[in-house]
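Residue numbers (the UniProt record's numbering): 1 to 475. Ideal placement from N, C-alpha and C gives every residue a C-beta, glycine not left out. Here the structure is laid out as structure tokens; the discussion comes afterwards.
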């Protein structure tokens, strides 16, 4: 396995696309490659194809590509190594601060993508209290989870096209806890972990704590480029990959059935374990044919599916789970003992009760989120028409592309107006995604409409009247 990513001429030419046909050609090609790097779709440290190879793939002269590489070098996005070619790099633009996702009391909070509790939470909790008598005669250490919850989670996976037995479910104290346990089980110090870019911010931090080397592969507004993802898996052969195929956080993209089958087949070929995060898989907003879980394509037990009650039901219910083989469930209990011993029995019983009426809860959430999403999109189109986004069919947020690389400056200006937002760099590696912000639609329409007004004022402050591309690289 090579230590660095390489990209060939035809693949890079396809990623550049029609931009190569705009004059001056060298600058269009250079800026297109720069955008790929700054948006996280082409990782820093990628070896670019030889100039003549990219020129042939683009149908341009070699001199044009040479000038494009020169423009990238002058812009701080490319370094040249004697005898080793040209490599993408990033200007020193600081790093995303994951703490920006923490709630900010006193602010209108658009940084945390978490809705209020579903209707029926309190009655469910009261019924759960009445069920405690069935468990209170025991120690309360439920090891793998209370049987009632493991049964309803397993049943839901079976309903979605993934036959599952209760003994394949391991209950955790949330999805971050689930990921921590799996990293402890699967990752060795110095091994490589492939992540999407952008991705859930805590997925960036957790592997580093285990001494893993982070590799990234981009997800665009339209989803995954499978040729690029397959190339990354084959070149790097990572020990582990973490993906969010259902209403991806933050882009909202939904991976298709053929793409899921392709992903699993390539993971099997490269001996890569997959952690599949389904935290928002139940949050469909529009009618959509949602494919069966990725694990339905698994034939050798390398897909570990994690889920959570937090996004669907309420963040105050600290209940998550891992769906895997029964033998791995036993190993996870041993791993867990290094951290804690059990999850709250009362929370588990409450979630089990709410899951008994899951179709009604999903409909309730879908109605709320559709109303909020449409109100947010309408306000954005009115007040910030130059911003671009794809209306997601599910999930909790809009992934908005700015005309300029000013996301961090925008977030600072928004704070001065009492508005908390999450800039793009929080969701990527150092120096990337300054062109994006994530705006959740978990607040009521009137709150979102008023917040967009303040966001428009902050944007006017953050973006200078003239912003040449090169200077934008160093915000």
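Quiz item: Would residue 271 be called buried (16 or more neighbouring beta carbons within 10 Å of its own) or exposed?
Solution: Residue numbering aside, residue 271 sits at position 271 when the chain shown is read from its first letter. By the Cβ neighbour-count rule, residue 271 is exposed, with fewer than 16 other Cβ atoms within 10 Å of its own.
Self-check item: Cβ pair residue 413, residue 450 closer than 8 Å
Solution: By one-based count along the chain shown, residue 413 stands at place 413. By one-based count along the chain shown, residue 450 stands at place 450. Inclusion of residue 413 and residue 450 in the CB contact set at 8 Å is not warranted, their separation being larger than that value.
Quiz item: Where DSSP assigns a beta bridge to residue 5, which residues make up the other side?
Solution: Residue 5 sits at position 5 when you count from the first residue of the chain shown. In the DSSP output, where bridge partners are listed per residue, residue 5 has 46.
Practice problem: Using the DSSP secondary-structure output, state which residues sit across from residue 79 in a beta bridge. | Solution: In the chain shown, counting from the first residue as 1, residue 79 sits at position 79. Beta-bridge partners assigned by DSSP to residue 79: 87.
Exercise. Check whether the region 11 to 29 touches the region 54 to 69, counting contact only when three or more Cβ pairs, one atom from each stretch, lie closer than 8 Å.
Key: Yes, they touch.
Quiz item: From residue 293 to residue 320, what distance separates their C-alpha atoms?
Solution: Here residue 293 refers to the residue found at position 293 of the chain shown. Here residue 320 refers to the residue found at position 320 of the chain shown. If I take the Cα positions, the gap works out to 17 Å.
Quiz item: Quick one: what's got a C-beta closer than 8 Å to residue 288's C-beta in the same chain, skipping five residues either side?
Solution: The count along the chain shown starts at 1 and reaches residue 288 at position 288. Correct list, in chain order: 254, 393, 394.
Quiz item: If residue 336 sits next to residue 181, beta carbons under 8 Å apart, how far is it from one beta carbon to the other, in whole angstroms?
Solution: Here residue 336 corresponds to residue number 336 of the chain shown, with the count starting at 1. Here residue 181 corresponds to residue number 181 of the chain shown, with the count starting at 1. Indeed they touch by this definition, with Cβ atoms about 6 Å apart.
Practice problem: Would you please verify whether the beta carbon of residue 362 is less than 8 Å from any beta carbon of chain C? | Solution: As a matter of chain content, chain C is missing from the structure shown, which is built from one protein chain.
Quiz item: CB residue 113 to CB residue 396, shorter than 8 Å?
Solution: Mapped onto the chain shown, residue 113 falls at position 113. Mapped onto the chain shown, residue 396 falls at position 396. Yes. Within cutoff.
Self-check item: Environment of residue 373 [buried if 16+ CB atoms lie within 10 Å]
Solution: Along the chain shown, read from residue 1 onward, the residue named residue 373 stands at position 373. By the Cβ-count criterion, residue 373 is buried, with 16 or more other Cβ atoms from all chains shown falling within 10 Å of its own Cβ.
Practice problem: Just the C-alpha distance for residue 189 and residue 303, rounded to the nearest angstrom, thanks. | Solution: Here residue 189 refers to the residue found at position 189 when the chain shown is read from its first residue. Here residue 303 refers to the residue found at position 303 when the chain shown is read from its first residue. In a straight line, the C-alpha of residue 189 is about 21 Å away from that of residue 303.
Quiz prompt | Assigned secondary structure, residue 241 (DSSP; H/G/I helix, E/B strand, else coil) | solution = In the chain shown, the residue the question calls residue 241 occupies position 241. Correct three-state label for residue 241: strand.
Self-check item: Check whether residue 308 and residue 426 have beta carbons under 8 Å apart
Solution: If you number the chain shown from 1, residue 308 lands on position 308. If you number the chain shown from 1, residue 426 lands on position 426. Not in contact: residue 308 and residue 426 (Cβ atoms no closer than 8 Å).
Quiz item: Which residues mark the beginning and the end of the alpha helix (DSSP H) in which residue 262 is found?
Solution: Your numbering for residue 262 matches position 262 in the chain shown. Where residue 262 is concerned, the enclosing alpha helix (DSSP H) stretches over 257 to 270.
Quiz prompt | Minimum length 3: unbroken beta strand (DSSP E) runs contained in the region 149 to 198 | solution = The qualifying runs are 169 to 172, 192 to 197.
Quiz item: What are the partner residues of residue 399, as DSSP defines its beta bridges?
Solution: On the chain shown, position 399 is the one that residue 399 refers to. Answer by DSSP bridge pairing, in chain order: 438.
Quiz item: Do you know whose CA, among 417, 386, 418, lies nearest residue 404's CA?
Solution: Within the chain shown, the letter at position 404 stands for residue 404. Looking from the CA of residue 404, the closest CA among 417, 386, 418 belongs to 386.
Practice problem: Alpha carbon to alpha carbon, how far is residue 286 from residue 334? Give it in angstroms, no decimals. | Solution: Counting from 1 along the chain shown, the entry for residue 334 is found at position 334. Counting from 1 along the chain shown, the entry for residue 286 is found at position 286. Rounded to the nearest angstrom, the two C-alpha atoms are 41 Å apart.
Quiz item: Nearest CA to the CA of residue 246: which residue from 401, 257, 109?
Solution: Within the chain shown, the letter at position 246 stands for residue 246. That would be 257, whose Cα lies nearest to the Cα of residue 246.
Exercise. Give every residue of the same chain whose Cβ lies closer than 7 Å to the Cβ of residue 439, excluding the five residues on either side of it in the sequence, and list them in chain order.
Key: As a first step, residue 439 must be located in the chain shown, where it is residue number 439. The answer, listed in chain order, is 110, 376, 397, 398, 400, 421.
Quiz item: With DSSP run on the structure shown, which of helix, strand or coil describes residue 217?
Solution: Sequence index remark: in the chain shown, residue 217 carries index 217 (1-based). Correct three-state label for residue 217: strand.
Exercise. Report the three-state DSSP secondary structure of residue 391 (helix, strand or coil).
Key: As a first step, residue 391 is located in the chain shown; it is residue number 391 there, counting from the start. Annotated three-state conformation of residue 391 is coil, per DSSP.
Quiz item: Can you give the Cα-Cα distance for residue 326 and residue 296, rounded to whole angstroms?
Solution: Looking up residue 326 in the chain shown gives position 326. Looking up residue 296 in the chain shown gives position 296. Distance between the alpha carbons of residue 326 and residue 296: 16 Å.
Quiz item: Looking only at C-alpha atoms, which of 383, 378, 355, 153 sits nearest to residue 305?
Solution: On the chain shown, position 305 is the one that residue 305 refers to. Comparing alpha-carbon positions, the option among 383, 378, 355, 153 lying closest to residue 305 turns out to be 153.
Exercise. Go ahead and label residue 316 buried or exposed: buried means 16 or more other beta carbons lie within 10 angstroms of its beta carbon, across all protein chains shown.
Key: Here the question's residue 316 lines up with position 316 in the chain shown. Its Cβ having fewer than 16 others within 10 Å, residue 316 is exposed.
Quiz item: Can you tell me whether DSSP reads residue 41 as helix, strand or coil?
Solution: Counted from its first residue, the chain shown places residue 41 at position 41. DSSP places residue 41 outside both helix and strand once states are collapsed to three, so it counts as coil.
Quiz item: Whole-angstrom Cβ separation of residue 216 and residue 429, contact assumed at under 8 Å?
Solution: Within the chain shown, the letter at position 216 stands for residue 216. Within the chain shown, the letter at position 429 stands for residue 429. Contact holds; Cβ gap of about 6 Å.
Quiz item: If you check the beta carbons only, do residue 224 and residue 194 fall under 8 Å apart?
Solution: If you number the chain shown from 1, residue 224 lands on position 224. If you number the chain shown from 1, residue 194 lands on position 194. With respect to the 8 Å criterion, residue 224 and residue 194 are not classified as neighbours on the basis of their beta carbons.
Quiz item: By how many angstroms is the C-alpha of residue 161 removed from the C-alpha of residue 299?
Solution: In the chain shown, counting from the first residue as 1, residue 299 sits at position 299. In the chain shown, counting from the first residue as 1, residue 161 sits at position 161. Rounded to whole angstroms, residue 299 to residue 161 spans 15 Å at the Cα level.
Quiz item: Just checking my contact of residue 5 with residue 45 at CB under 8 Å: how many whole Å lie between their CB atoms?
Solution: Start at 1 with the first residue of the chain shown, and residue 5 comes out as number 5. Start at 1 with the first residue of the chain shown, and residue 45 comes out as number 45. The pair is a contact, with the Cβ atoms about 7 Å apart (cut-off 8 Å).
Quiz item: Going along the chain, which residues of its own chain have a beta-carbon closer than 6 Å to the beta-carbon of residue 73, five neighbours each way excluded?
Solution: Locating residue 73 in the chain shown gives position 73, where the first residue counts as 1. Contacts found: none.
Quiz item: When DSSP builds the beta bridges, which residues end up paired with residue 305?
Solution: Against the chain shown, residue 305 aligns to sequence position 305. Partner(s): 276, 323.
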